[in-house]
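*Asks:* Position one of the sequence shown corresponds to residue 88 (this note's numbering), numbered consecutively onward.
Every residue gets a Cβ at the ideal spot worked out from N, C-alpha and C, and that includes glycine.
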Amino acid sequence: MRALGCDLGSKTLGLSVSDLSGFLASPYSTIRFQSDDYQNALDQLMPILEKEKITVIVLGLPKHMNGSLGESADRSIYFKEELELRTSIEVVLEDERLSTVAAQKSMLMAEMNRQKRKTSIDQMAATFILQGYLDKMRHKRG
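#1: Measuring only the C-alpha atoms, how far is MET133 from GLU171?
#2: The beta strand (DSSP E) that contains ILE164, what's its start and end?
#3: Any chance you could list the alpha helix (DSSP H) runs of at least 4 consecutive residues sitting entirely within the segment 108-146, in chain order?
#4: In this structure, how does DSSP classify ASP94 when only helix, strand and coil are distinguished?
#5: Here's the rule: buried if 16 or more other CB atoms are within 10 angstroms of the residue's CB, otherwise exposed. What is VAL179?
#6: Rounded to whole angstroms, what's the CA-CA distance from LEU91 to ASN153? Just pull it up for me.
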């Protein structure tokens with residue numbers, strides 16, 4: 088299994104990939120696009136799916152702390168639907184609450200400078216989203 092983690096924003100799509108065993112998520116890259124131009128983001132994403140031989144896509148679903156969905160969640164659901172029109176790869180929505188906060192704390196603890204944090208935050212958030220999914224799947228398998 089080779090999984091791709093995605094953290095979707097209004098202008099960026101942070102990406103992470105799993106190792107072939109599906110055990111560990113690592114930062115991959117950040118796709119940049121014009122505000123809300125998700126078709127462009129998809130155009131840039133498609134070659135990566137093929138190049139990395141992705142078998143499952145884990146897309147962050149931003150929820151409010153009370154579990155309700157807002158505008159950001161609608162954006163992720165739309166992106167998932169558009170992605171499913173372009174590929175037969177399974178797309179899973181994964182709760183991403185606090186993933187960006189966890190990524191920021193992790194980078195601060197690693198003493199990354201401000202510029203490096205700014206360019207890495209989307210990839211790191213995608214890594215936290217994907218790692219959470221991988222851990223959950225491993226736990227289900229026992």
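*Replies:* From the atom records:
#1: So the alpha carbons of these two residues sit roughly 11 Å apart.
#2: It is not in any beta strand (DSSP E) - ILE164 instead sits in the alpha helix (DSSP H) that spans 158-173.
#3: Every alpha helix (DSSP H) of 4 residues or more that sits fully in the segment 108-146 is shown, in chain order, as 125-138.
#4: Note: ASP94 maps to strand in three-state DSSP.
#5: With fewer than 16 other Cβ atoms from the protein chains shown falling within 10 Å of its own Cβ, VAL179 counts as exposed.
#6: Distance between the alpha carbons of LEU91 and ASN153 is about 27 Å.
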